[in-house]
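Heads up: the sequence lines are chains A and B, in that order. Residues 2 to 474 in the numbering used here are what the first sequence spells out, letter by letter. Residues 11 to 154 in the numbering used here are what the second sequence spells out, letter by letter. Using N, Cα and C, we set each Cβ at its ideal position, and we do this for glycine too. A quick write-up on the structure given underneath.
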Amino acid sequence: MDLQSLTRRSEFEWCIEPTGQMRVPGIVYAGEQLIREMDEKVREQLTNVATLPGIQRAAYAMPDAHWGYGFPIGGVAAFDPEEGGVISAGGVGFDISCGVRALHTALTADQLEPRKADLADALFRKIPAGVGSTGTIQLGEQEMDEMLRGGAQWAVARGYGVPEDLERIEEGGRASDAKPECVSHQAKKRQAHEMGTLGSGNHYLEVQRVAEIFDSRTAPVLGLQQNDIVVSIHCGSRGLGHQVGTDYLKIMVIEGWRPIPDRELACAPIRSELGQHYLGAMRAATNCALANRQIITHLVRGAFTELIPNTKLALLYDVSHNTCKIERHVVNGDSRELFVHRKGATRSFGPGHPELPASLQGVGQPVLIGGTMGTESYILIGTSRSEDLAFSSACHGAGRSMSRTQATKRWQGRKLIDELAERGVLIRTRSYRGVAEEAPGAYKDVNAVAQVAEQAGLARRVARLVPLICVKG
Amino acid sequence: MLSVRNTAGWEHFSHGSDIGVRGFGPSIEEAFEQAAVALTAVVADVSRIRESETVEVRCDAPDLELLFVSWLNTIIYEMAVRTMLFKKFRVVTSGCSLTGTLVGEKVDPERHQVAVEAKGATVTALRVHREQDGQWLAQCVVDV
Chain A
2 MDLQSLTRRS EFEWCIEPTG QMRVPGIVYA GEQLIREMDE KVREQLTNVA TLPGIQRAAY
62 AMPDAHWGYG FPIGGVAAFD PEEGGVISAG GVGFDISCGV RALHTALTAD QLEPRKADLA
122 DALFRKIPAG VGSTGTIQLG EQEMDEMLRG GAQWAVARGY GVPEDLERIE EGGRASDAKP
182 ECVSHQAKKR QAHEMGTLGS GNHYLEVQRV AEIFDSRTAP VLGLQQNDIV VSIHCGSRGL
242 GHQVGTDYLK IMVIEGWRPI PDRELACAPI RSELGQHYLG AMRAATNCAL ANRQIITHLV
302 RGAFTELIPN TKLALLYDVS HNTCKIERHV VNGDSRELFV HRKGATRSFG PGHPELPASL
362 QGVGQPVLIG GTMGTESYIL IGTSRSEDLA FSSACHGAGR SMSRTQATKR WQGRKLIDEL
422 AERGVLIRTR SYRGVAEEAP GAYKDVNAVA QVAEQAGLAR RVARLVPLIC VKG
Chain B
11 MLSVRNTAGW EHFSHGSDIG VRGFGPSIEE AFEQAAVALT AVVADVSRIR ESETVEVRCD
71 APDLELLFVS WLNTIIYEMA VRTMLFKKFR VVTSGCSLTG TLVGEKVDPE RHQVAVEAKG
131 ATVTALRVHR EQDGQWLAQC VVDV
């Protein structure tokens with residue numbers, strides 16, 4: 002991104018001054034190096050988002066921002082329905098409520114080591130992953146609607162997990178006001194065989210070791226110690242969410258709010274029939290994602306206890322990064338109910354936030370940043386300052402630095418798997434090409450992204466995780 | 011009068027995190043058909059897919075660009091619900107409506123060298139138009 006087009010407000014805050022139709026400025030949080038590497042499209046897309054009605058304070062981009070669909074990936078924007086605010090299908094994304102869930106095991110790396118290869122095989126066998134994989138749970142029409150209303154709460158009630166899991170999931174594991182009747186028959190049909198599946202692309206299941214603790218006060222509250230074993234699951238709402246995104250993007254392009262600077266920004270007023278239908282369908286898809294990650298958690302627990310009996314896997318946290326949620330924020334001194342879009346960005350609530358469970362009130366909300374199969378992932382914690390910076394938001398991952406086509410030209414899947422195995426990272430996959438496309442070198446430096454998120458004040462680093470096993474979606 | 015190049019083909023183009031599909035040919039139908047091959051090539055190795063099953067589809071939209079997106083999304087839907095991959099496509103358009111024939115087989119992850127599933131065709135970098143040499147071009151970014 003061209004530095005000349007930005008006003009530098011502080012070391013890590015860059016401003017696109019409002020011009021033309023922009024109602025608010027665009028704000029990018031990043032260091033100078035990340036800004037230089039950032040796609041020019043991020044500036045263009047933030048500028049467009051800033052023109053939408055009802056937008057509050059600013060259109061924000063996180064340190065990992067890159068070219069998305071209408072909204073940049075790594076974008077945050079909040080809209081006030083009282084001021085004609087809108088909801089955008091592109092602002093949420095196709096993989097509605099895609100997110101990361103971290104499980105804390107009661108194992109250390111030394112205890113896992115003798116069973117590592119067996120565990121990799123067991124996880125690969127039990128968790129359906131990749132194109133064309135199907136789950137073992139088939140839902141009838143009525144049960145599908147129950148799942149879409151109940152989310153992870155539905156899954157726990159059916160025996161996939163324990164009630165304690167729910168307090169460590171946003172909104173207690175269930176998006177309220179979901180409307181399965183606003184989800185198309187096609188979307189439900191697409192989900193018929195996909196419950197409890199990981200998906201493909203950048204989705205993964207990793208067994209990781211805590212390699213470094215940054216915040217020795219917060220880490221014990223999250224149960225984290227050096228060399229502990231953590232499991233991270235990255236996936237979303239599967240076929241149902243993809244179809245809801247597809248269906249409503251088309252309707253919003255045809256019938257949505259006008260005039261928009263770019264068709265990708267198709268949206269509808271929150272207080273319109275279309276806006277309300279999308280919200281109902283999006284929340285149903287959110288519940289599908291939460292139920293899906295809950296079922297996968299159950300399968301992971303089964304794989305662990307089969308090999309290492311009595312292993313406890315506690316849910317550390319589950320955070321979604323493709324969302325639109327109703328939240329209360331202070332704007333110009335007024336407390337308002339806003340619809341906060343986070344596309345490739347997570348919440349980052351600081352200590353004392355009313356939506357946090359009692360066990361996290363003293364520290365804040367865990368922010369889970371996924372890396373790649375060969376590099377680090379991070380657990381950060383939300384800050385109070387993040388509220389003023391970006392409606393309590395932080396980044397979600399490393400972000401690609403190279404296209405899939407470039408990656409497959411540069412790397413070979415089989416060779417990468419062998420190289421990673423030599424470094425102690427066991428990859429399990431059905432697709433060598435998929436591994437090449439997701440090569441660690443095709444992503445930005447996640448260390449830099451996590452560090453800048455902390456330096457900008459969006460969230461604070463607690464722990465760095467390194468992969469030991471990766472089941473590739 | 012424009013001279014029409016009698017070639018058809020497809021290619022991928024770069025997008026930050028996803029991938030663009032582009033089809034071109036002497037008619038709009040061929041451009042749509044070729045873009046569909048490009049879509050399959052995002053997911054798997056097209057040359058390894060056998061032609062054992064045929065699926066008929068229909069879609070419509072208010073304009074040709076949205077018709078193209080609907081066409082690709084219809085294929086993505088059929089791939090997902092039938093767990094199939096398609097290698098041959100036949101399109102007949104009538105204004106902003108389309109009937110299509112998809113030919114392929116059930117997914118075999120190892121034989122087909124599947125890489126990634128397509129979540130949806132987007133309106134990003136969406137273009138359907140006739141170029142100066144008479145060739146039709148149809149393209150958009152696919153979310154994977």
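In the DSSP assignment, MET89 of chain B forms no beta bridge with any residue.
Per DSSP, ASN323 of chain A is one residue of the beta strand (DSSP E) stretching across 323-332. LEU250 of chain A has a beta carbon lying within less than 8 Å of a beta carbon in chain B. A direct Cα-to-Cα measurement between GLY334 of chain A and ALA451 of chain A gives close to 31 Å. Burial check for PRO358 of chain A: the Cβ neighbour count within 10 Å stays below 16, so the residue is exposed.
The three-state reading of DSSP puts CYS183 of chain A in helix, counting H, G and I together.
Segment contact: the region 307-323 of chain A against the region 164-182 of chain A, three or more CB-CB distances shorter than 8 Å; contact assigned.
DSSP, reduced to helix, strand and coil, places ILE59 of chain B outside both helices and strands of the structure shown, so it counts as coil.
Straight through space, the alpha carbons of GLY303 of chain A and LEU266 of chain A are spaced by roughly 43 Å.
DSSP places SER393 of chain A in the coil class of the three-state scheme, outside both helix and strand. DSSP, read as helix, strand or coil, puts CYS236 of chain A in strand. In this structure, the alpha-carbon of THR347 of chain A lies about 22 Å from that of ILE296 of chain A. Distances from the CA of TRP81 of chain B to each of B:GLN145, B:VAL56, B:GLY33 were compared; the closest alpha carbon is that of B:GLY33. Ranking A:GLN407, A:TYR205, A:ASP96 by CA distance to the CA of ALA282 of chain A puts A:ASP96 first. When beta bridges are read from the DSSP output, ALA79 of chain A appears opposite A:VAL341. For PRO310 of chain A, the three-state secondary structure derived from DSSP is coil. Here the C-alpha atom of GLY398 of chain A lies approximately 42 Å from the C-alpha atom of THR103 of chain B. Secondary structure of ALA41 of chain B (DSSP, three-state): helix. Contact annotation: ARG401 of chain A and TYR444 of chain A have beta-carbon atoms nearer than 8 Å.
Look at GLN149 of chain B here: in three-state DSSP terms it is strand.
Taking a cut-off of 8 Å on C-beta distances, the region 85-93 of chain B does not touch the region 68-77 of chain B, as fewer than three cross pairs fall below it. Residue state for SER336 of chain A is assigned as strand, using DSSP reduced to three classes. Excluding the 5 residues flanking it on each side, THR409 of chain A has same chain C-beta neighbours closer than 7 Å at ARG434, ALA437, GLU438, in chain order.
Here the C-alpha atom of SER321 of chain A lies approximately 47 Å from the C-alpha atom of GLY144 of chain B. Only buried fits ARG461 of chain A, as 16 or more other CB atoms lie within 10 angstroms of its CB.
VAL79 of chain B is positioned such that its CB atom lies closer than 8 Å to that of VAL133 of chain B.
Residue pairing from DSSP places THR347 of chain A in a beta bridge opposite A:ALA395.
In the structure shown, PRO468 of chain A adopts extended strand secondary structure according to DSSP, grouped into three states.
Residues of the region 65-77 of chain A with a Cβ closer than 7 Å to any Cβ of chain B, in chain order: HIS67, TRP68, TYR70, ILE74. The C-beta separation of ARG100 of chain B from GLY110 of chain B comes to about 7 Å, placing the pair in contact by the 8 Å criterion.
Two segments are said to touch when three or more pairs of C-beta atoms, one from each, lie closer than 8 Å; by this definition the region 228-241 of chain A does not touch the region 53-72 of chain A.
VAL231 of chain A sits close to HIS105 of chain A, with the two beta carbons spaced by under 8 Å.
Minimum Cα-Cα distance from VAL453 of chain A among the listed residues A:MET253, A:ILE252, A:LEU381 corresponds to A:LEU381. C-alpha of GLY372 of chain A to C-alpha of SER378 of chain A: approximately 5 Å in a straight line. Interface flag for ASP96 of chain A against chain B is set, since a Cβ pair is found closer than 8 Å. Nearest CB-CB separation between PRO36 of chain B and chain A: not below the 8 Å threshold.
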